[in-house]
Amino acid sequence: MRKGPAKTRRELLKALGTGLGAAVLFRCGGADATSAGTSDAGTSDAGTGGACVLDPTLTKGPYWVDERLNRADIRSDTNGKASPNPRPGLPLTLQFAVSAYASGVCTPLQGAQVDIWHCDASGVYSEVGSTAGQNFLRGYQVTDANGLAKFSTIYPGWYSGRAVHIHVKVRLFDASNNTTTEATTQVFFDDSLTDGVFASVAPYNARGSRDTRNAADNIYGNQTVLLLALAGNTTSGYTGNIALGVQVGQVNAG
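Sequence positions in the sequence shown follow numbering that gives the first Met the number 0 and run 0 to 253.
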């Protein structure tokens, strides 16, 4: 698989167009990178690229379905069974910057399949129980030459026992469609932003108060590297960015 030149942390942030503060499976460079009590505070952006520190791989959870649905806008049920369709909610644009990690260097990873899936504004997933045969809020994109994958979706709702989150899986395949690399995680939302959305935006504000915030979510585990960098408002919606680093050749199904 063809790869572009190694990029420093500054270049990755510039490519995203925002000041990212976090990476998921690997943190790329910079003194603020931490994982499991380990810090790369002694690294710099000089030379061949920023050092990467391993961050958590998380469970895929009970709602993973390999739809193989290639689309950037995941709001609709393509089978036409869901009602309402597309799913209502505050617009959310997501951008993932995916890098390959090797020898302490992050290199933009082209051709990786990035799947995302999450619940709707009411806390309901497609393909579960009464929504079997529906595929709203599921889909994948393949990273471009800069390692970027972009999606249009809605701000997720909540369900009992979990903080607000989106599931992410990054995979590479060989010529026979066998999985050669797989990384699985979840990304989370700042509680104060979520409070604003849930209090003032329909249909979120028709529900009662959520029962789990980030601090009480045992999967999030206070790992701030899993927080999306968000910009926007409760009128026009939000844009979220995050950098994902994967170790090519390693399979973590979650």
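Cβ atoms here follow ideal geometry from the backbone N, Cα and C, with glycine treated the same way.
Bridge pairing for Phe187: His164 and Leu226 [DSSP]. For Thr56, no beta strand (DSSP E) encloses it, and the DSSP letter there is neither H nor E.
The closest CA to that of Tyr203, considering only Ala215, Cys118 and Thr130, is found on Cys118.
Taking 8 angstroms as the upper bound for CB-CB distance, Val247 and Leu89 are not in contact here, some 35 angstroms apart. Under the criterion of beta carbons closer than 8 angstroms, Leu57 and Thr183 qualify as touching, at roughly 7 angstroms. Counting every other CB atom within 10 Å of its CB across the protein chains shown gives Thr223 a total below 16, marking it as exposed.
If you draw a 10 Å sphere on the C-beta of Asp114, you find 16 or more other C-beta atoms in it, and that means buried. Rounded to whole angstroms, Arg212 and Ser175 show a C-alpha spacing of 42 angstroms. Bounds of any beta strand (DSSP E) do not take in Tyr158, whose DSSP letter is neither H nor E. Judged by their CB atoms, Cys105 and Gly244 are nearer to each other than the 8 angstroms cut-off.
Distance from the CA of Thr238 to the CA of Thr92, rounded to the nearest whole angstrom, comes to 5 angstroms.
According to the DSSP assignment, Gln112 belongs to the beta strand (DSSP E) that extends over Gln112 to Trp116. The secondary-structure analysis by DSSP pairs Tyr139 across a beta bridge with Asn69 and Asp114. For Asn240, the uninterrupted beta strand (DSSP E) segment begins and ends at Gly236 to Val245. Rounded to the nearest angstrom, the Cβ distance from Pro87 to Ala120 is 6 angstroms, consistent with a contact under 8 angstroms. Taken atom to atom, the span from the alpha-carbon of Gly128 to that of Ser102 is near 45 angstroms. Counting C-beta pairs closer than 8 angstroms gives three or more between the segment 153-163 and the segment 187-195, which meets the contact rule. Beta-bridge annotation (DSSP): Asn176 is not paired with any residue.
Going by DSSP, Ser98 is part of the beta strand (DSSP E) stretching over Pro90 to Ala101. Of the residues assessed, Arg209 falls on the buried side of the cut-off, its CB having 16 or more other CB atoms within 10 angstroms. The three-state reading of DSSP puts Thr152 in strand, counting E and B together. Contact check for Ala96 against Gly156 fails: the beta carbons are separated by 8 angstroms or more.
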